[in-house]
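K.L.:
In the working numbering, the protein residues as written are 168 to 360. Quick one: structure below, then a few questions.
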Ligand SMILES: Cc1cc2nc3c(=O)[nH]c(=O)nc-3n(C[C@H](O)[C@H](O)[C@H](O)COP(=O)(O)O)c2cc1C
């Protein structure tokens, strides 16, 4: 079983990454293979609406060669579980996260709904407001893709502004740990089918 996590934060190893790692630690402890890709500093273009993915139909974006099509989408297609994480920018996800959502979502659907029955979870880092809207944005991708969405003891949100602040949000950290354990639980049972 494998989980791939993506952070769409512009800050490498920032609050978003800290939250993701709390969830991945629990998944790893449960024996799930984990990989974590951060979009910070990478080229991540939005969808061109070129329709090439509808010609190739392999589930990947054929219109742009960048970090999303070369690294992110192939990993998402082969994983059993996908975490997409973002900080809140103006009450929504970052541009990089949205680029991943649009291209992964569109290309995988054109390739025959290739995300179907994978397990998904969204994670959000936020200073003050807009977390639920950003959380919903990511879940829209999962839920139109026939994915099974895992929740936690609270919505998957951690609070902080400067890098490291989210560690002070003890409820947020616990939420991530519970999320990781519940995702591992779900993956294990689905694999048994
Ligand atoms: C351009 C920009 C827009 C932001 N917009 C919001 C916002 O709408 N609401 C909020 O609570 N925090 C906002 N923030 C703060 C970040 O969400 C917060 O600092 C978060 O912890 C950053 O995560 P990171 O360390 O992974 O980058 C914004 C930050 C930036 C740079």
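We put the beta carbon where it would ideally sit given N, CA and C, even for glycine.
On a Cα-Cα basis, can you pick out the residue from 222, 230 and 250 that is closest to residue 285?
P.N.:
In the chain shown, counting from the first residue as 1, residue 285 sits at position 118. Taking only the C-alpha atoms, the option nearest residue 285 is 250.
K.L.:
Please list the terminal residues of the continuous beta strand (DSSP E) segment that includes residue 173.
P.N.:
As a first step, residue 173 is located in the chain shown; it is residue number 6 there, counting from the start. Looking at the DSSP string, the run of the beta strand (DSSP E) that includes residue 173 is 169–174.
K.L.:
Rounded to the nearest angstrom, what separates residue 235 and residue 176 at their Cα positions?
P.N.:
In the chain shown, the residue the question calls residue 235 occupies position 68. In the chain shown, the residue the question calls residue 176 occupies position 9. Each residue's alpha carbon lies about 14 Å from the other.
K.L.:
Answer yes or no: the CB of residue 257 versus the heavy atoms of ligand 1, is any distance below 7 Å?
P.N.:
The residue labelled residue 257 in the question sits at position 90 within the chain shown. Yes; taking the cut-off as 7 Å, the Cβ of residue 257 has a heavy atom of ligand 1 nearer than that.
K.L.:
Per DSSP, what are the beta-bridge partners of residue 248 in this structure?
P.N.:
Locating residue 248 in the chain shown gives position 81, counting from the first residue. 170 and 286.
K.L.:
Measure the alpha-carbon distance for residue 200 versus residue 211 and round it to whole angstroms.
P.N.:
Along the chain shown, read from residue 1 onward, the residue named residue 200 stands at position 33. Along the chain shown, read from residue 1 onward, the residue named residue 211 stands at position 44. So the two alpha carbons sit approximately 25 Å from each other.
K.L.:
Mind checking which residues open and close the alpha helix (DSSP H) that includes residue 338?
P.N.:
Start at 1 with the first residue of the chain shown, and residue 338 comes out as number 171. Where residue 338 is concerned, the enclosing alpha helix (DSSP H) stretches over 337–358.
K.L.:
Out of 291, 248, 330 and 183, state which residue places its alpha-carbon closest to the alpha-carbon of residue 357.
P.N.:
As a working mapping, residue 357 is identified with position 190 in the chain shown. Ranking the options by Cα distance to residue 357, first place goes to 248.
K.L.:
Starting from residue 202, follow its DSSP beta bridges and name the residues at the other end.
P.N.:
Taking the first residue of the chain shown as 1, we reach residue 202 at position 35. DSSP, once it has assigned bridges, lists 171 as partnering residue 202.
K.L.:
Enumerate in chain order the residues of its own chain whose CB-to-CB distance from residue 351 is below 7 Å, with the five nearest sequence positions on each side excluded.
P.N.:
The residue you call residue 351 lines up with position 184 of the chain shown. These residues qualify, in order along the chain: 193, 194, 197 and 199.
K.L.:
If you measure from the CB of residue 323, is any heavy atom of ligand 1 nearer than 7 Å?
P.N.:
Stepping through the chain shown from its first residue, residue 323 is reached at position 156. Incorrect: residue 323 has no Cβ contact closer than 7 Å to ligand 1.
K.L.:
Give the straight-line distance between the Cα atoms of residue 300 and residue 222, rounded to the nearest whole angstrom.
P.N.:
For the purposes of this step, residue 300 is taken as the residue at position 133 of the chain shown. For the purposes of this step, residue 222 is taken as the residue at position 55 of the chain shown. The alpha-carbon of residue 300 is positioned some 33 Å away from that of residue 222.
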